[in-house]
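Just below is one structure, and these are the notes that go with it.
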Amino acid sequence: MGGQAIEPPQPNEHFRWVQDPAGPSLVCGPLLAVARHLFTTRPWALGDRAPNGVADAAWADVARALEVPVGRLARVRQVHGAGVVVARVPPADPPTADVIVALDGTLAIAVQAADCVPLLVADRRTGAVAAAHAGWRGLAAGVPLAAVAALAREFGSRPADLVVAIGPSIGACCYQVGQEVRDRFAGAGLGRDLKWTRWFRDRPAILDGNRPLPGLDAGVSPGRWFFDPWAAARDQLVAASVPPARIFGADLCTASHPGLLCSYRRDGAPAGRMAAAIRGGPPCPSRP
150 MGGQAIEPPQ PNEHFRWVQD PAGPSLVCGP LLAVARHLFT TRPWALGDRA
200 PNGVADAAWA DVARALEVPV GRLARVRQVH GAGVVVARVP PADPPTADVI
250 VALDGTLAIA VQAADCVPLL VADRRTGAVA AAHAGWRGLA AGVPLAAVAA
300 LAREFGSRPA DLVVAIGPSI GACCYQVGQE VRDRFAGAGL GRDLKWTRWF
350 RDRPAILDGN RPLPGLDAGV SPGRWFFDPW AAARDQLVAA SVPPARIFGA
400 DLCTASHPGL LCSYRRDGAP AGRMAAAIRG GPPCPSRP
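The following block contains the structure:
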């Protein structure tokens with residue numbers, strides 16, 4: 150797939166496309182000023198789903214792009230929860246978690262997604278970084294809150310110093326869910342400040358540059374909702390005291406762009422995966 154020429158969709162103004170030998174990747178300008186990172190796309194080797202899952206060899210492209218040996222790329226076995234791992238030496242067998250944090254310039258950390266929200270976080274003051282994976286279950290479990298709390302607990306990060314990039318994920322234009330999803334949020338206990346009901350719509354959102362999935366029922370259906378994971382992630386970050394002006398979303402729906410982005414909702418089991426990876430380290434003297 151890497152040889153195909155694909156015209157990329159326009160992301161949010163704070164993001165831009167970068168052409169890597171493995172394929173196009175997306176970077177967030179404000180985050181790039183703090184930490185090297187990328188969001189990969191379907192043409193990367195990770196985006197070509199093998200019958201037995203994503204091959205470990207495909208991660209070599211991600212490590213090379215962040216200029217670390219593949220043995221210094223720390224990953225986790227994602228389980229749609231809010232567990233946290235502190236990466237110091239990448240283990241041979243990735244631990245179970247959906248949030249990974251680090252403060253080591255020789256390490257890169259990464260999560261993978263194919264509709265779920267990928268979050269990359271960097272601390273402008275300390276150089277600590279986090280990578281997090283959050284589908285609806287992870288958002289109900291408070292993954293964005295857990296990532297901010299882990300950086301504070303492990304490395305003394307202050308929310309006011311964090312910069313966050315929300316990568317491509319399925320949007321409220323395409324993400325129709327059942328009543329059980331709404332019920333999970335109702336019982337999640339995320340806190341009074343989070344107005345979670347606004348994350349559920351009775352009709353699909355109209356999002357510039359993101360087409361709804363073909364055949365999607367846009368009418369009002371009892372017990373069916375269109376879930377907005379971008380708002381859920383952003384609201385949780387704001388509730389964790391991250392300044393809204395330092396939270397940046399790509400505004401690209403994975404289900405809307407079959408040539409470039411992987412989507413499980415669109416493609417089912419054959420869907421590939423995309424990486425969200427970041428490399429932190431000690432702060433530079435120029436960092437505020």
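Sequential numbering of the sequence shown, starting at 150, is according to our numbering. We treat Cβ as the ideally placed atom computed from N, Cα and C, and that holds for glycine. Note that the structure is predicted; figures quoted are calculated from it, not measured.
- Outcome for glycine 421 when other beta-carbon atoms lying within 10 angstroms are tallied against a minimum of 16: One-based indexing of the sequence shown puts residue 421 at position 272. Answer is buried; the Cβ neighbour count reaches 16.
- Query: Within 8 Å (strictly less), CB to CB, does alanine 280 reach chain D?
  - Reply: Of the chains in the structure shown, none is chain D; there is only one protein chain.
- Task: Kindly indicate which three-state DSSP category valine 278 falls into: helix, strand or coil?
- Result: Stepping through the sequence shown from its first residue, residue 278 is reached at position 129. Strand, per DSSP.
- Going along the chain, which residues of its own chain have a beta-carbon closer than 8 Å to the beta-carbon of proline 361, five neighbours each way excluded? Position 212 of the sequence shown, counted from the start, is the residue given in the question as residue 361. Taken in chain order, the residues that qualify are Cys322, Cys323, Pro353, Ala367, Ser405.
- At least 3 beta-carbon pairs within less than 8 Å: the segment 379-391 vs the segment 309-316: yes
- List in chain order: all unbroken beta strand (DSSP E) runs of 3+ residues lying wholly within the segment 170-206. 172-177, 185-188
- Cβ-based neighbour list, glycine 320, same chain, cut-off 6 Å, excluding 5 preceding and 5 following: Position 171 of the sequence shown holds residue 320. Around glycine 320: Leu356, Asn359, Cys402.
- Paired residues, beta bridge with glycine 327 - DSSP: Walking along the sequence shown from the start, residue 327 turns up at place 178. Answer is Arg373, bridged to glycine 327.
- What are the residues that DSSP puts in a beta bridge with proline 267? Looking up residue 267 in the sequence shown gives position 118. Beta-bridge pairing links proline 267 to His282.
- Please confirm if the segment 240-248 is in contact with the segment 208-228, defined as three or more CB-CB distances below 8 Å between the two stretches. yes
- valine 167: CB within 7 Å of a non-hydrogen atom of the ligand NAP: Within the structure as shown, the ligand NAP is missing, as the structure has no ligands at all.
- Task: Return yes when the Cβ of proline 267 is within less than 8 Å of the Cβ of valine 260, no when it is not.
- Result: Here residue 260 corresponds to residue number 111 of the sequence shown, with the count starting at 1. Here residue 267 corresponds to residue number 118 of the sequence shown, with the count starting at 1. Contact: yes.
- Item | DSSP state of aspartate 247 mapped onto helix, strand, coil | For the purposes of this step, residue 247 is taken as the residue at position 98 of the sequence shown. DSSP places aspartate 247 in coil when its eight states are reduced to three.
- Coil, strand or helix - serine 405 by DSSP: For the purposes of this step, residue 405 is identified with residue 256 of the sequence shown, where counting begins at 1. Serine 405: helix per DSSP, three-state reduction.
- Query: Taking the alpha helix (DSSP H) that arginine 428 falls in, what are its first and last residues?
  - Reply: On the sequence shown, position 279 is the one that residue 428 refers to. It is not in any alpha helix (DSSP H) - arginine 428 instead sits in the beta strand (DSSP E) that spans 423-428.
- Message: For a test of the three-state rule: what should DSSP assign to leucine 410, helix, strand or coil?
- Response: Here residue 410 refers to the residue found at position 261 of the sequence shown. In this structure, leucine 410 counts as coil in the three-state DSSP scheme.
- Same chain, Cβ closer than 8 Å to alanine 206, neighbours up to 5 away in sequence not counted: Taking the first residue of the sequence shown as position 1, residue 206 is located at position 57. Contacts found: Ala194.
- Message: Quick check: what's the CA-CA separation for phenylalanine 376 versus serine 174?
- Response: Walking along the sequence shown from the start, residue 376 turns up at place 227. Walking along the sequence shown from the start, residue 174 turns up at place 25. Taking the straight line joining both Cα atoms gives about 26 Å.
- Query: DSSP on valine 228, reduced to helix/strand/coil?
  - Reply: On the sequence shown, residue 228 is found 79 positions in, with the first residue counted as 1. Coil at valine 228, not helix or strand.
- Message: Mapping the DSSP letters down to three states, classify glycine 220 as helix, strand or coil.
- Response: Working through the sequence shown from its first residue, we reach residue 220 at position 71. In this structure, glycine 220 counts as helix in the three-state DSSP scheme.
- From proline 200 to alanine 263, what does the alpha carbon distance come to, in whole angstroms? The residue labelled residue 200 in the question sits at position 51 within the sequence shown. The residue labelled residue 263 in the question sits at position 114 within the sequence shown. Any reading at proline 200 must be qualified, since the residue scores a pLDDT of 48, below 50, and its modelled position is unreliable; the value itself is stated next. For proline 200 and alanine 263, the distance between alpha carbons rounds to 16 Å.
- What three-state label does DSSP hand arginine 350 in the structure shown? Counting from one through the sequence shown, the residue named residue 350 turns up at place 201. Correct three-state label for arginine 350: strand.
- Task: For alanine 289, collect the residues of the same chain with a Cβ closer than 6 Å to its Cβ; drop the 5 residues on either side in sequence, then sort them by chain order.
- Result: Counting from one through the sequence shown, the residue named residue 289 turns up at place 140. Excluding sequence neighbours, alanine 289 sits near Arg333, Phe334, Ala337.
- Query: Does the beta-carbon of valine 297 have 16 or more other beta-carbons within 10 angstroms, so that it is buried, or is it exposed?
  - Reply: Here residue 297 is taken as the residue at index 148 of the sequence shown, counted from 1. Buried: at least 16 other Cβ atoms inside 10 Å.
- Simplified DSSP assignment, three categories, for arginine 213: In the sequence shown, counting from the first residue as 1, residue 213 sits at position 64. Helix.
- Quick one: give me the first and last residue of the beta strand (DSSP E) that glutamine 261 is part of. Looking up residue 261 in the sequence shown gives position 112. Run containing glutamine 261: 257-262, per the beta strand (DSSP E) assignment.
- Query: What distance in whole Å lies between the Cβ atoms of arginine 198 and proline 419, which are believed to be in contact at a cut-off of 8 Å?
  - Reply: In the sequence shown, residue 419 corresponds to position 270, counting from 1. In the sequence shown, residue 198 corresponds to position 49, counting from 1. Rounded, the Cβ-Cβ distance is 5 Å, consistent with contact.
- CB leucine 256 to CB arginine 221, shorter than 8 Å? In the sequence shown, counting from the first residue as 1, residue 256 sits at position 107. In the sequence shown, counting from the first residue as 1, residue 221 sits at position 72. Yes, the Cβ-Cβ distance between leucine 256 and arginine 221 is below 8 Å.
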